[in-house]
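Residue numbers (my numbering), protein chains in the order written: chain A, 425 to 667; chain B, 425 to 667.
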């Protein structure tokens with residue numbers, strides 16, 4: 425069975441967390457909305473599942489994943505599913521719930537990162553909420569980013585299996601997601617991250633570990649990896665980035 | 425085994441979704457931070473698990489649930505766990521993932537509801553971000569609330585098992601959470617909800633169904649149910665509520 429991923433074709437966004445898990449698993453998948461020319465591919469195929477009146481269990485928003493007859497949405501839900509199937513999460517209940525809990529905390533972090541440039545509403549341009557964005561981002565960089573990053577540093581420190589990865593001794597989807605968050609923060613806030621990274625040595629090492637895994641490295645070097653840009657979750661606006 | 429719930433003692437907040445699942449299940453639990461006089465109870469007991477240096481798998485924030493040796497956090501993660509144990513979710517994989525997906529969407533909705541009164545940062549008082557709150561809430565009531573509520577209406581409409589509940593023919597934790605969201609929105613935005621509810625008849629009926637279940641009804645009438653107030657997620661500020 426080949427998975428079908430549905431996500432906006434021009435951004436990493438929340439779909440990137442699913443892409444990373446699919447790539448690290450080495451499974452076959454189609455990135456449907458990026459399809460070229462095939463009759464049933466492209467953004468219309470995605471919108472059909474999103475808005476179509478015959479979909480019994482409609483997603484609220486992309487990303488969603490088709491796995492046979494299943495249509496799954498919500499990033500953390502998709503990752504939980506893929507994690508079980510492709511050994512990107514512990515098999516036991518306690519470990520599985522722990523990795524999911526970490527992922528949900530990462531998803532909260534991503535929501536807050538998104539809202540630094542969109543504190544009022546997603547339907548408005550950044551330029552129309554710039555003033556509020558400056559105020560929110562200042563607080564985010566002062567309080568929220570250190571709190572989240574410090575939390576994951578602590579989790580690594582307390583991992584009795586070694587602390588290379590967040591949970592136990594093996595890579596999980598939460599590690600892939602933490603890699604992506606650090607990567608995105610470096611893009612969005614390079615000056616602030618220089619300061620913040622001095623406090624989170626283990627998180628920095630984890631980012632490097634993940635980036636150097638064979639499949640991740642190959643993916644990042646491929647044209648399947650969309651470049652960061654100012655339509656995604658992680659956006660670089662120089663005026664928001666304070667050291 | 426008696427569950428231990430850890431959450432702020434004076435608000436419903438995100439802990440309320442867990443309280444509702446515990447109450448509907450009829451299981452024994454202690455609301456630890458609301459403990460009175462016992463040596464190991466109260467807010468300090470909660471902060472010890474949150475900040476204590478010996479906790480191997482620390483929560484990022486309340487609520488969290490202790491179940492034997494397990495300490496679980498993240499509302500949706502706790503509910504997934506309770507749902508499996510106490511028949512508040514389907515047993516099969518597809519149904520289980522679907523209910524979790526709905527819960528994660530409800531959690532996103534709750535985050536957006538929270539940010540109507542705190543669009544800049546949680547560390548600031550509402551009064552210090554009132555201007556931004558007015559702008560964000562106007563967009564929320566115009567676009568986001570109808571989008572989320574309309575989504576759940578559609579889910580009920582398409583449920584081939586009858587449409588009393590969100591998934592299949594039986595109550596799930598997602599139904600309890602949707603009840604709570606509607607209840608909270610009615611408290612926070614009574615004028616806006618009068619308008620919004622005309623478009624979501626099935627959601628309104630579900631709210632009534634859940635409220636009339638014996639255990640929920642008994643809980644809501646008890647002093648275990650904390651009243652809505654202006655420290656929680658659902659806050660009533662007259663100036664934000666537009667018809």
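Idealized CB from N, CA, C, for every residue including glycine.
Three-state secondary structure (DSSP) of residue i
i: residue 624/B; result: coil
i: residue 495/B; result: strand
i: residue 589/B; result: coil
i: residue 566/A; result: helix
i: residue 429/A; result: strand
i: residue 630/B; result: helix
i: residue 545/A; result: coil
i: residue 665/A; result: coil
i: residue 595/A; result: coil
i: residue 475/B; result: helix
i: residue 535/A; result: helix
i: residue 455/A; result: strand
i: residue 488/A; result: strand
i: residue 576/B; result: helix
Between the CA atoms of residue j and residue i - distance to the nearest angstrom
i: residue 456/A; j: residue 498/A; result: 17 Å
i: residue 675/A; j: residue 544/B; result: The displayed coordinates of chain A run from 425 to 667. Any statement about residue 675/A would go beyond what the structure contains.
i: residue 568/A; j: residue 501/B; result: 22 Å
i: residue 516/A; j: residue 526/A; result: 16 Å
i: residue 601/B; j: residue 552/B; result: 30 Å
i: residue 612/A; j: residue 663/A; result: 11 Å
i: residue 449/B; j: residue 495/A; result: 29 Å
i: residue 549/B; j: residue 542/B; result: 8 Å
i: residue 534/B; j: residue 518/B; result: 24 Å
i: residue 648/B; j: residue 476/B; result: 28 Å
i: residue 514/A; j: residue 508/A; result: 8 Å
i: residue 625/A; j: residue 555/B; result: 39 Å
i: residue 652/B; j: residue 485/B; result: 21 Å
i: residue 471/B; j: residue 490/B; result: 14 Å
i: residue 571/A; j: residue 562/A; result: 14 Å
i: residue 646/B; j: residue 632/B; result: 18 Å
Residues near residue i by beta carbon distance below 6 Å, same chain, minus five either side
i: residue 608/B; result: 658
i: residue 595/B; result: 589
i: residue 511/A; result: none
i: residue 458/B; result: 433
i: residue 492/A; result: 425
Same chain, Cβ closer than 8 Å to residue i, neighbours up to 5 away in sequence not counted
i: residue 614/A; result: 660, 665
i: residue 610/B; result: 617
i: residue 644/A; result: 635
Proximity below 8 Å, CB of residue i to CB of residue j
i: residue 446/B; j: residue 427/B; result: yes
i: residue 487/A; j: residue 528/A; result: no
i: residue 503/A; j: residue 451/A; result: no
i: residue 574/A; j: residue 621/A; result: no
i: residue 591/B; j: residue 523/B; result: yes
i: residue 577/A; j: residue 629/A; result: no
i: residue 473/A; j: residue 505/B; result: no
Own chain partners of residue i with C-beta closer than 7 Å, once the 5 adjacent residues on each side are dropped
i: residue 565/B; result: 613, 616, 666
i: residue 530/B; result: 598, 601, 602, 605
i: residue 655/A; result: 434, 435
i: residue 440/B; result: 604
i: residue 593/A; result: 585, 586
Neighbouring residues, chain C, relative to residue i (Cβ below 7 Å)
i: residue 480/B; result: Here the protein chains are A and B, and chain C is not one of them.
Does the contact criterion of 3 or more C-beta pairs under 8 Å hold for the stretch 477-494 of chain A versus the stretch 578-594 of chain B?
Contact check between the stretch 477-494 of chain A and the stretch 578-594 of chain B: three or more CB pairs, one atom from each, fall below 8 Å, which counts as touching.
Taking 8 Å as the cut-off, does the stretch 533-541 of chain A touch the stretch 626-643 of chain A (at least 3 CB pairs, one atom from each stretch)?
Under the 8 Å Cβ criterion, the stretch 626-643 of chain A does not count as touching the stretch 533-541 of chain A, having fewer than three qualifying pairs.
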